[in-house]
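For what it's worth, the numbering used here labels the leading residue of the sequence shown as 1, then goes sequentially.
For every residue, glycine included, the Cβ atom is placed at its ideal position computed from N, Cα and C.
Predicted, not measured: the structure shown is a model, and the values here were computed from it.
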Amino acid sequence: MEIQEVDVFVAPDGTVQLQVRGVMGGNCLSLSKGLEQLLGGEISSREMTPEADADDQGIGWQVDDTQIIGGMG
């Protein structure tokens, strides 16, 4: 079983980027749902990673330019 990872990148302007790796199918959305709720922002876009096309690599996704609203500051 491949290691499941969620990388979180926070830019100085408060935008957040999440990247999920090592997760098959729609499970990537389930894995990150709680984190998205904690961040409290709106998801401006989702982008499938190149690994999404490779059956043995799993599916990942990336959320770009999610603004943190409220907390963390």
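Cα-Cα separation, residue i to residue j
i, j, result
"residue 44", "residue 10", "15 angstroms"
"residue 28", "residue 13", "26 angstroms"
"residue 4", "residue 30", "12 angstroms"
"residue 24", "residue 47", "15 angstroms"
"residue 42", "residue 2", "29 angstroms"
"residue 58", "residue 40", "Its pLDDT being 42, under 50, residue 58 is placed unreliably in this model, and the value from its coordinates should be taken loosely. The alpha-carbon atoms of residue 58 and residue 40 are separated by roughly 27 angstroms."
"residue 53", "residue 20", "Any reading at residue 53 must be qualified, since the residue scores a pLDDT of 49, below 50, and its modelled position is unreliable; no value is offered."
"residue 56", "residue 8", "For residue 56, the pLDDT reaches just 43, beneath the cut-off of 50, and the residue's location in the model is therefore unreliable, although a value from the coordinates is still provided. About 24 angstroms."
Short Cβ contact (8 angstroms threshold) for residue i with residue j
i, j, result
"residue 32", "residue 6", "yes"
"residue 94", "residue 18", "Outside the shown range of the chain (1 to 73) lies residue 94, about which nothing can therefore be said."
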